[in-house]
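Which chain is which? The protein sequence lines are U and H, in order.
Numbering follows the numbering used here, in which position 256 of the first sequence is assigned residue number 256; successive positions increment by one, without gaps.
Converting from the second sequence to the numbering used here requires adding 316 to each position, the first position being numbered 1.
Note that CB positions come from ideal geometry on N, CA and C, so glycine has one too.
Protein chains: 2
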Amino acid sequence: MPHTRRPGSCPQPARRCGAIAAVALLVLGLSCPSSRGLAEAPPPAAARTMADVLAAATAADWRPLDPARTLYLDLDRGRVVIELAPGFAPEHAVNVLRLARAGYYDGVPIARVQDNFVVQWGGAGRALPEGVRERLPPEFEVAAGPGLPFTRLPDPDGYAPETGHSDGLPAGRDPSSGTAWLAHCYGMVGAGRDNAVDSGNGAELYVVIGHAPRQLDRNIALVGRVVLGMELLAALPRGPAPMGFLERPEEGTAIRRVRVAADLPVAERMPIEVLRTDTATFAALVEARRNRRDEWYRRPAGHIDLCNVPVPARVR
Amino acid sequence: MPHTRRPGSCPQPARRCGAIAAVALLVLGLSCPSSRGLAEAPPPAAARTMADVLAAATAADWRPLDPARTLYLDLDRGRVVIELAPGFAPEHAVNVLRLARAGYYDGVPIARVQDNFVVQWGGAGRALPEGVRERLPPEFEVAAGPGLPFTRLPDPDGYAPETGHSDGLPAGRDPSSGTAWLAHCYGMVGAGRDNAVDSGNGAELYVVIGHAPRQLDRNIALVGRVVLGMELLAALPRGPAPMGFLERPEEGTAIRRVRVAADLPVAERMPIEVLRTDTATFAALVEARRNRRDEWYRRPAGHIDLCNVPVPARVR
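The following block contains the structure:
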């Protein structure tokens, strides 16, 4: 059957590309359909695209993932890389690291895949390993003191008085209460809980795979973010039972194993970097996305939703 | 391997359930894990959950899909049902109906699956059938006159002065310009275009499968909404090439055929109903979702984002 690809008729059009790692482009959903623009002078600052901004980023704009809080979650089809957020959920991070090191998640099926909401897994039938606490304090928000990095976004948000990024993580902040919290954007990882607020412990984890369910913010502990591999989780077949549960989880996708990057020899760790969110480069990236400037866009939005801000990652 | 399901530890907890069609629950992502609550007195209005509201809905709260603008898009794994929006994109609707009736989409591969963005297909290599216009006016917004239904949401939005629903479709409105437009929420269907604003014609269609890319609003024509079957599109394996294109689309998922419901004998049409969005029931549903009230939620959001409002559908 004949089929001609027409990238130009995509809702997001072709963009100029410079010397950017291909993986960063993939994470951002940009493309390099031609070499057009490579030899051109850089466009004026006011018209910089996201690709322009990333192409001009320096080594200092990127930071390596911290192996001590990075998880490699291996599926048969590939790897999901998660960075934990001990700055927001320290007790949960301790538990999750201990669970991972004890092999608690290994072989566990992804038992829930609810369309436009979450995937979820947990070794619920298994006894918790030694040193893992069964109940944890509800780490739903933290004090937004001077020690907490927070790069504020310029636009208003309906769910939080202020939004921004804290060390690469989407977050809300309330100056009146002096608190901050992680936001349920696509790719965020949380710890399932029962009705009691202290009933979560990290043994059951979920990942947001749909439009941001921000109503969950401050109701449950987010523990980290998927940095790479979201496409593997988001493409899992949806569970047919209520709330997206699989009827036979054992026939679904299982987690082969979860390891802490720091436990692997250096040569086996993935050289992943994420764009720092406390830099002029990141601010320029946000601005380029708030107001898209290229031949395709006719009406720049003049606004960006917290969960529409990409935090690029790349494999060096 | 032992595994005990623990629905109670889901981020969205169990809810009370009444006499609601199971499909409506599925669309909403609710659950009926037990019969608890069935014999209880109804909770006070202020504490009604979404399930409560739907259980109390009457026949007049639902409307049948209009077969003249309903498409059945059949994949090998199931059916995607699309309702076109001639009120917002009349010329596109005419073209899409003609393309469907000419078999233009039949056998076409879904050539683009970009994570957290869109799926896209089109018979780009095929000649347009007779009667199908190659270029269409840019139907990006319409006059928001008294003839245009619009049920406004109570909360502010960053992308539009006002948001709400127009005959079941998420929409923005600007009183200063007197215009309204469809919004790029999860499940919305649009017509791909090239850089020229009149280059879209419906031969190439996309569906939003991720966090709402609202920056596209008013930059491209949305032509309808997926009413049922989103889980089939959203779970497609992501394309590895830039912008989510498949390297070998012919090996991916193909559209078996697309038909207009009105062209089928009545007995073969699906008896689908969608909840009306201009009723007190819908307003109550929105309020129940703005402020979740059950044992699990500790902090009602007091806000709802346009693209977080469900428009339930059911098969009678």
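Contact list for residue i against chain U, beta-carbon separation under 8 angstroms
| i | result |
| --- | --- |
| H/R554 | E231, A234, A235 |
C-beta contact flag for residue i and residue j at 8 angstroms
| i | j | result |
| --- | --- | --- |
| H/N432 | U/M230 | yes |
| H/V505 | H/G540 | yes |
| U/L153 | U/A85 | no |
| H/A459 | H/S482 | no |
| U/E251 | U/P240 | no |
| U/H303 | H/Y613 | no |
| U/V119 | U/I209 | yes |
| U/V274 | U/A212 | no |
| U/A284 | U/A89 | no |
| H/V574 | H/L413 | no |
| H/R605 | U/N219 | no |
| U/P156 | U/P175 | no |
| H/R395 | H/Y388 | yes |
| U/F245 | U/R112 | yes |
| H/H408 | H/L444 | no |
| H/V542 | H/G480 | no |
| U/N132 | U/N195 | Reading off the sequence, residue 132 of chain U comes out as Val, not Asn. No, they are not a contact pair. |
| H/T569 | H/P462 | no |
| U/L228 | U/V81 | yes |
| U/P149 | U/D278 | yes |
| U/G105 | U/G125 | In the sequence under discussion, the amino acid at residue 105 of chain U is Tyr, which differs from the Gly named in the question. No, Cβ-Cβ distance for U/Y105 and U/G125 is not below 8 angstroms. |
Residue i at chain H interface by Cβ criterion, 8 angstroms
| i | result |
| --- | --- |
| U/G178 | no |
| U/N195 | yes |
| U/Y186 | yes |
| U/R259 | no |
| U/P312 | no |
| U/P44 | In this prediction, U/P44 has a pLDDT of 48, which is less than 50 and means its spatial position is unreliable; nothing more can be read from the coordinates. |
is_contact[residue i, chain U] using C-beta, thresh 8 angstroms
| i | result |
| --- | --- |
| H/F624 | The amino acid occupying residue 624 of chain H in the given sequence is Asn; Phe does not appear at that position. Yes - at least one Cβ of chain U is within 8 angstroms of the one on H/N624. |
| H/W612 | yes |
| H/V602 | no |
| H/N411 | no |
| H/R608 | yes |
| H/R572 | no |
| H/A401 | no |
Chain-ordered chain H contacts of residue i [CB-CB under 7 angstroms]
| i | result |
| --- | --- |
| U/A212 | H527 |
| U/R218 | R615 |
Residue i classed as buried or exposed, judged by whether at least 16 other C-beta atoms fall within 10 angstroms
| i | result |
| --- | --- |
| U/A234 | buried |
| H/I336 | With a pLDDT of 32 at H/I336, under the threshold of 50, the predicted position of this residue should be treated as unreliable, though the coordinate-derived value follows. Flag for H/I336 reads buried. |
| H/T386 | buried |
| U/D294 | buried |
| H/T374 | exposed |
| H/G508 | buried |
| U/D305 | buried |
| H/V631 | exposed |
| U/P249 | buried |
| H/P558 | buried |
| H/D533 | buried |
| H/D582 | Position check: residue 582 of chain H holds Val in this sequence, whereas Asp was assumed. Label assigned to H/V582: exposed. |
Listed by chain order, chain U residues near residue i by CB distance under 7 angstroms
| i | result |
| --- | --- |
| H/H619 | G158, Y159 |
| H/Y421 | In chain order: nothing, as chain U lies at least about 12 angstroms away. |
Residue i CB to nearest heavy atom of the ligand SAH below 7 angstroms
| i | result |
| --- | --- |
| U/A241 | By its list of ligands, the structure shown contains no ligand whatsoever, and the ligand SAH lies outside what it can speak to. |
is_contact[residue i, chain C] using C-beta, thresh 8 angstroms
| i | result |
| --- | --- |
| H/A537 | Absence of chain C from the displayed structure is noted, the protein chains being U and H. |
**Study point:** Residues of the stretch 152-168 of chain U with Cβ closer than 8 angstroms to any Cβ of chain H, in chain order
**Key:** Of all residues in the stretch 152-168 of chain U, only D155, P156, D157, G158, Y159 come within less than 8 angstroms of chain H when Cβ atoms are compared, listed by chain position.
Practice item. Check distances from the C-beta atoms of the stretch 426-442 of chain H to those of chain U and list, in chain order, the residues that come in under 9 angstroms. Key: Within the stretch 426-442 of chain H, the residues whose Cβ lies closer than 9 angstroms to any Cβ of chain U are, in chain order, A427, R428, V429, Q430, D431, N432, F433, V434, Q436, G438, G439, A440, G441, R442.
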